[in-house]
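Residue numbers (UniProt numbering), protein chains in the order written: chain A, 1 to 197; chain B, 1 to 197; chain C, 1 to 197; chain D, 1 to 197. Where is the CB? At the ideal position from N, CA and C, for every residue including glycine. Contents: one structure, followed by commentary.
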DNA sequence: TATGAATGAGCCTTCATTCAT
DNA sequence: TATGAATGAAGGCTCATTCAT
């Protein structure tokens with residue numbers, strides 16, 4: 001029990017450090033963020049940060065990879081063979097927009113990794129795999145929708161890529177973090193990528 | 001005459017330095033790039049870099065701002081009141097795609113500035129002004145096209161933003177630099193943002 | 001306890017650094033002295049010097065200000081209303097001479113600060129305040145002595161300034177550090193500034 | 001003739017450079033002053049400075065040594081065997097005060113050289129020789145005056161040193177450059193060093 | 001397990017000096 | 001003779017990392 005409590009405390013501390021690191025890495029980028037700053041922000045000694053996550057690079061990797069599973073899960077939470085394709089698309093667009101408007105910080109991190117993929121090659125590899133899962137599933141849905149005659153023709157993979165690019169592009173352009181409502185005004189426009197009725 | 005030659009040589013050297021700096025800043029980001037590296041890449045001593053551009057920050061600023069004028073000029077090179085709106089859009093999409101697939105390095109720089117807008121606030125301000133010019137002109141064309149009954153309804157400004165976001169998003173996603181042909185396959189999809197016929 | 005020991009050790013190290021810095025700054029002046037040199041002299045890494053005292057300027061400031069309190073205390077250790085004024089003066093002259101012949105290094109530092117007062121404006125301000133305390137107290141003693149008919153007439157403040165100037169002037173001229181005995185031979189001459197019996 | 005004019009121009013330029021160098025070296029000290037600054041101040045290219053005076057150290061040396069001859073000549077302009085010794089002393093004190101209050105900048109240079117005699121050993125050697133000439137001549141005058149029963153007893157050499165020290169000490173204390181009148185108020189006090197009537 | 005003192009590699013920058021014109 | 005472009009040594013400083021406590 002006592003041991004359990006301790007463990008839980010350590011996990012909590014690790015989480016605090018990770019949150020702080022994500023926030024700082026996102027806002028200031030990798031090299032402009034110091035280990036000392038992260039430690040201070042998380043109310044831990046910087047010795048502890050090393051114990052928890054190893055060195056700076058490993059910590060960055062953890063910041064990128066650890067939240068990725070859940071993040072991707074949210075992105076992939078749609079049915080690639082629904083009854084109504086247009087409704088399904090409409091729905092996941094809204095879901096994605098909510099995610100992208102909420103997870104500002106984590107997404108800035110991803111933008112960094114993608115934008116500097118040579119420097120962050122390892123992290124990029126992981127991110128890319130997840131990204132492709134999303135591309136594939138969206139592609140699949142489009143193909144299915146086209147075969148069901150509910151979606152217009154067009155290269156399904158390219159459309160999927162364009163859709164994800166739009167998400168990231170909006171995240172980039174909308175750096176000053178407008179409300180979810182603002183994002184939602186783009187829903188109808190994003191829908192257009194999938195073709196007219 | 002001799003003096004003139006000297007001046008020309010200096011301008012050429014400055015340009016070499018600028019090019020090298022853009023390349024390195026783009027690929028590795030601001031802090032990961034050292035002045036010594038830039039100097040080496042440009043075959044100058046690092047003392048010369050200081051003479052040409054002052055300090056590192058000013059050099060970065062120059063990298064962002066100096067090419068911006070011409071870059072924006074290319075982006076704005078379309079007629080906001082053409083005879084055929086869909087044709088005009090088609091045309092500038094191809095032009096923009098060519099620019100975005102050609103200017104890979106400079107665009108990575110812009111992505112950095114936009115993505116870390118707090119850190120690069122001054123550069124961001126300049127970039128943003130130019131960006132808004134593009135948004136405005138595209139918006140204007142959409143409004144005109146809608147009034148001419150050639151374009152579908154929809155919030156013109158949002159469509160413009162979405163379009164520019166898509167450009168940057170593709171640039172981000174397509175980090176591994178596919179050929180212009182690959183880009184062009186997105187032209188039809190980008191066109192969709194402006195609504196169906 | 002262990003913690004206490006650690007603190008003591010750090011304080012001792014800081015003191016070693018301070019001593020080394022005073023010696024080097026005094027001998028070679030501010031810019032000619034490098035942080036690395038000070039660190040080497042004090043058997044610490046130059047990183048530690050930064051941890052202890054911040055940057056070079058702050059270290060210099062510490063070198064000037066920290067010993068000042070005790071230094072001034074020694075200088076001010078006389079009675080401005082004694083029974084015998086001439087004896088009191090005689091006594092403090094000897095005390096001051098001892099201080100000035102002993103504290104060669106610290107005084108060279110003060111000479112630098114005073115001589116380059118624009119460059120060291122902050123340090124100079126502090127030094128000057130202390131200096132004026134001395135001037136004032138000596139002035140006061142002279143005035144008292146004149147009123148008691150034990151000292152010759154004359155502008156008390158100017159005499160005080162002349163006396164302190166003589167101290168610093170001798171310190172400057174006697175750079176090659178003669179023994180205290182040599183200094184003491186000036187005692188009778190310094191006494192003359194306060195007027196004949 | 002033309003050649004002569006050119007020579008004169010060069011001499012004038014050299015003089016401008018020297019004046020500028022003295023001013024800057026005095027105010028900011030040796031290392032804090034850059035060759036470029038001196039050149040700018042003198043309206044010459046810094047290449048010329050090198051041509052005129054060699055390297056920085058040689059320039060500094062020139063700043064110290066070249067004006068020294070005339071400076072010392074002024075200081076030594078008194079009669080060591082006058083009719084009235086007290087009058088002669090009175091007179092040269094006023095002359096010296098005028099010199100010391102006028103030549104603020106050059107004297108700050110001398111204070112630097114004397115204060116950092118190890119660093120400026122060569123310049124110091126020259127300065128010291130001149131200084132000793134002054135000491136000797138003043139000593140001589142005192143000895144003569146004592147033999148003539150016009151001056152009080154006391155170690156003549158020490159008195160001379162004290163007198164010169166007072167001059168430099170006042171120059172140091174009076175950094176904020178009071179007027180000559182202020183200096184003259186110290187004349188009576190300086191006189192006291194030579195003993196009562 | 002946690003801390004933070006200590007280290008020193010590596011960066012940016014300044015500036016004396018050289019040398020081609 | 002005069003200029004100033006170019007060089008690179010050297011300094012201050014930051015910060016990731018190690019390790020004794």
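CB of residue 143 of chain C within 7 Å of CB of residue 65 of chain C, strictly: For the purposes of this step, residue 143 of chain C is taken as residue 143 along the third chain, with counting starting at 1. For the purposes of this step, residue 65 of chain C is taken as residue 65 along the third chain, with counting starting at 1. Their beta carbons are not under 7 Å apart, which means residue 143 of chain C does not touch residue 65 of chain C by this criterion.
Cβ-Cβ distance between residue 187 of chain B and residue 93 of chain B below 7 Å: In the second chain, the residue the question calls residue 187 of chain B occupies position 187. In the second chain, the residue the question calls residue 93 of chain B occupies position 93. By the CB criterion at 7 Å, residue 187 of chain B and residue 93 of chain B fall inside the cutoff.
By how many angstroms is the C-alpha of residue 195 of chain C removed from the C-alpha of residue 177 of chain D? If you number the fourth chain from 1, residue 177 of chain D lands on position 177. If you number the third chain from 1, residue 195 of chain C lands on position 195. About 26 Å.
Chain B residues whose Cβ lies nearer than 7 Å to that of residue 158 of chain A: As a first step, residue 158 of chain A is located in the first chain; it is residue number 158 there, counting from the start. Going along chain B in sequence order, the residues near residue 158 of chain A (Cβ under 7 Å) are 185, 186 and 189.
Length of the line joining the Cα atoms of residue 73 of chain A and residue 96 of chain A: Your numbering for residue 73 of chain A matches position 73 in the first chain. Your numbering for residue 96 of chain A matches position 96 in the first chain. Rounded to the nearest angstrom, the two C-alpha atoms are 11 Å apart.
Please report the straight-line C-alpha distance between residue 82 of chain A and residue 137 of chain A, rounded to a whole angstrom. Stepping through the first chain from its first residue, residue 82 of chain A is reached at position 82. Stepping through the first chain from its first residue, residue 137 of chain A is reached at position 137. Their backbone Cα atoms lie some 13 Å apart in a straight line.
What are the boundary residues of the alpha helix (DSSP H) that includes residue 76 of chain C? Translated into positions along the third chain, residue 76 of chain C becomes position 76. The continuous stretches of alpha helix (DSSP H) do not include residue 76 of chain C, and DSSP gives it neither H nor E.
My output table needs one value for residue 115 of chain D: the three-state DSSP class, helix, strand or coil. On the fourth chain, position 115 is the one that residue 115 of chain D refers to. In the structure shown, residue 115 of chain D sits in a helix (DSSP, three-state: H, G or I).
Taking C-beta pairs closer than 8 Å, name the residues in chain A that residue 19 of chain B reaches, listed in chain order. Walking along the second chain from the start, residue 19 of chain B turns up at place 19. Residues of chain A passing the Cβ test: none, with the nearest at roughly 18 Å.
Below 7 Å CB to CB, which residues in the same chain sit around residue 160 of chain A once its five sequence neighbours on both sides are set aside? As a first step, residue 160 of chain A must be located in the first chain, where it is residue number 160. Within the same chain, and ignoring the five residues on either side of residue 160 of chain A in sequence, the residues whose Cβ sits closer than 7 Å to its Cβ are 135, 138, 139 and 142.
Mapping the DSSP letters down to three states, classify residue 179 of chain B as helix, strand or coil. Translated into positions along the second chain, residue 179 of chain B becomes position 179. Three-state DSSP puts residue 179 of chain B in coil, outside helix and strand.
Along the alpha helix (DSSP H) that carries residue 148 of chain D, what are the first and last residues, could you check? By one-based count along the fourth chain, residue 148 of chain D stands at place 148. Residue 148 of chain D -> no alpha helix (DSSP H), and no H or E assigned at all.
Return the residue from the list A:100, A:163, A:34 and A:75 that minimises the CA-CA distance to residue 180 of chain A. For this step, residue 180 of chain A is matched to residue 180 along the first chain. Of the candidates A:100, A:163, A:34 and A:75, A:100 places its Cα closest to the Cα of residue 180 of chain A.
Which term fits residue 33 of chain A, buried or exposed, when burial requires 16 or more other beta carbons within 10 angstroms of its beta carbon? Looking up residue 33 of chain A in the first chain gives position 33. By the neighbour-count rule (16 or more Cβ atoms within 10 Å), residue 33 of chain A is buried.
One question on the structure: do residue 25 of chain C and residue 110 of chain C come within less than 7 Å of each other, judged by their Cβ atoms? As a first step, residue 25 of chain C must be located in the third chain, where it is residue number 25. As a first step, residue 110 of chain C must be located in the third chain, where it is residue number 110. Not closer than 7 Å, so no.
Comparing the C-beta of residue 134 of chain A with each C-beta of chain B, is any distance below 7 Å? Walking along the first chain from the start, residue 134 of chain A turns up at place 134. No - not a single Cβ of chain B is within 7 Å of the one on residue 134 of chain A.
Does chain A have any CB closer than 7 Å to the CB of residue 38 of chain B? Here residue 38 of chain B refers to the residue found at position 38 when the second chain is read from its first residue. So no, residue 38 of chain B is outside the interface.
Taking Cβ positions only, does residue 137 of chain C come closer than 7 Å to chain D? Indexing the third chain from 1 puts residue 137 of chain C at position 137. Residue 137 of chain C is outside the set of residues whose beta carbon lies under 7 Å from a beta carbon in chain D.
By how many angstroms is the C-alpha of residue 184 of chain D removed from the C-alpha of residue 171 of chain D? Counting from 1 along the fourth chain, the entry for residue 171 of chain D is found at position 171. Counting from 1 along the fourth chain, the entry for residue 184 of chain D is found at position 184. If I take the Cα positions, the gap works out to 13 Å.
Go ahead and pull the three-state DSSP assignment for residue 47 of chain A. As a first step, residue 47 of chain A must be located in the first chain, where it is residue number 47. Residue 47 of chain A falls in the helix class under three-state DSSP.
Excluding sequence positions up to five away, which residues of its chain have a Cβ less than 6 Å from the Cβ of residue 120 of chain A? Numbered from 1 along the first chain, position 120 holds the residue referred to as residue 120 of chain A. Short of 6 Å from the beta carbon of residue 120 of chain A, and not among the five residues preceding or following it, lie these beta carbons of its own chain, in chain order: 113.
Mark residue 147 of chain D as exposed unless 16 or more other C-beta atoms lie within 10 angstroms of its C-beta, in which case mark it buried. Your numbering for residue 147 of chain D matches position 147 in the fourth chain. Around the beta-carbon of residue 147 of chain D, fewer than 16 other beta-carbon atoms lie within 10 Å, marking it exposed.
Could you check the C-alpha separation between residue 190 of chain B and residue 103 of chain A for me, to the nearest Å? By one-based count along the second chain, residue 190 of chain B stands at place 190. By one-based count along the first chain, residue 103 of chain A stands at place 103. For residue 190 of chain B and residue 103 of chain A, the distance between alpha carbons rounds to 26 Å.
If the cut is a Cβ gap below 8 Å, which residues of chain B does residue 193 of chain A touch? Numbered from 1 along the first chain, position 193 holds the residue referred to as residue 193 of chain A. Ordered by position in chain B, the residues that pass the 8 Å Cβ test against residue 193 of chain A are 189, 192 and 193.
Quick one: which chain A residues come within Cβ less than 9 Å of residue 31 of chain B? Here residue 31 of chain B corresponds to residue number 31 of the second chain, with the count starting at 1. Close to residue 31 of chain B, with beta-carbon spacing below 9 Å, are these residues of chain A in chain order: 29, 30, 31 and 32.
So with Cβ pairs under 7 Å, would you call residue 168 of chain B a contact of chain A? Position 168 of the second chain, counting from 1, holds the residue named residue 168 of chain B. Interface criterion met: the Cβ of residue 168 of chain B is under 7 Å from a Cβ in chain A.
Could you please give the first and the last residue of the uninterrupted alpha helix (DSSP H) stretch that includes residue 173 of chain B? Counting from 1 along the second chain, the entry for residue 173 of chain B is found at position 173. Its alpha helix (DSSP H) spans residues 156–173.
Does DSSP classify residue 94 of chain A as helix, strand or coil? On the first chain, position 94 is the one that residue 94 of chain A refers to. Reduced to three states, the DSSP call for residue 94 of chain A is helix.
Going straight from the alpha carbon of residue 14 of chain A to that of residue 77 of chain A, what length do you get? Translated into positions along the first chain, residue 14 of chain A becomes position 14. Translated into positions along the first chain, residue 77 of chain A becomes position 77. Taking the straight line joining both Cα atoms gives about 28 Å.
If you run the structure through DSSP and keep just helix, strand and coil, what is residue 19 of chain B? As a working note, residue 19 of chain B is residue 19 in the second chain. Assignment of residue 19 of chain B by DSSP, reduced to helix, strand and coil, places it in the helix class.
Does the beta carbon of residue 145 of chain B come closer than 7 Å to any beta carbon on chain A? Here the question's residue 145 of chain B lines up with position 145 in the second chain. With 7 Å as the cut-off, residue 145 of chain B does not count as an interface residue toward chain A.
Do residue 85 of chain B and residue 151 of chain B have their beta-carbon atoms positioned less than 7 Å apart in this structure? Working through the second chain from its first residue, we reach residue 151 of chain B at position 151. Working through the second chain from its first residue, we reach residue 85 of chain B at position 85. Less than 7 Å divides the Cβ of residue 151 of chain B from the Cβ of residue 85 of chain B.
Name, going along the chain, the residues of the stretch 95–120 of chain C whose beta-carbon falls closer than 8 Å to a beta-carbon of chain D. Within the stretch 95–120 of chain C, those residues whose Cβ lies closer than 8 Å to any Cβ of chain D are, in chain order, 108, 111, 112, 114, 115, 116, 117, 118 and 119.
Report the three-state DSSP secondary structure of residue 30 of chain C (helix, strand or coil). Counted from its first residue, the third chain places residue 30 of chain C at position 30. Assigned with DSSP and collapsed to three states, residue 30 of chain C falls in coil, not helix or strand.
Alpha carbons only, please: which of D:145, D:182, D:155 and D:175 is nearest the one belonging to residue 157 of chain C? As a working mapping, residue 157 of chain C is identified with position 157 in the third chain. The candidate whose alpha carbon is nearest that of residue 157 of chain C is D:182.
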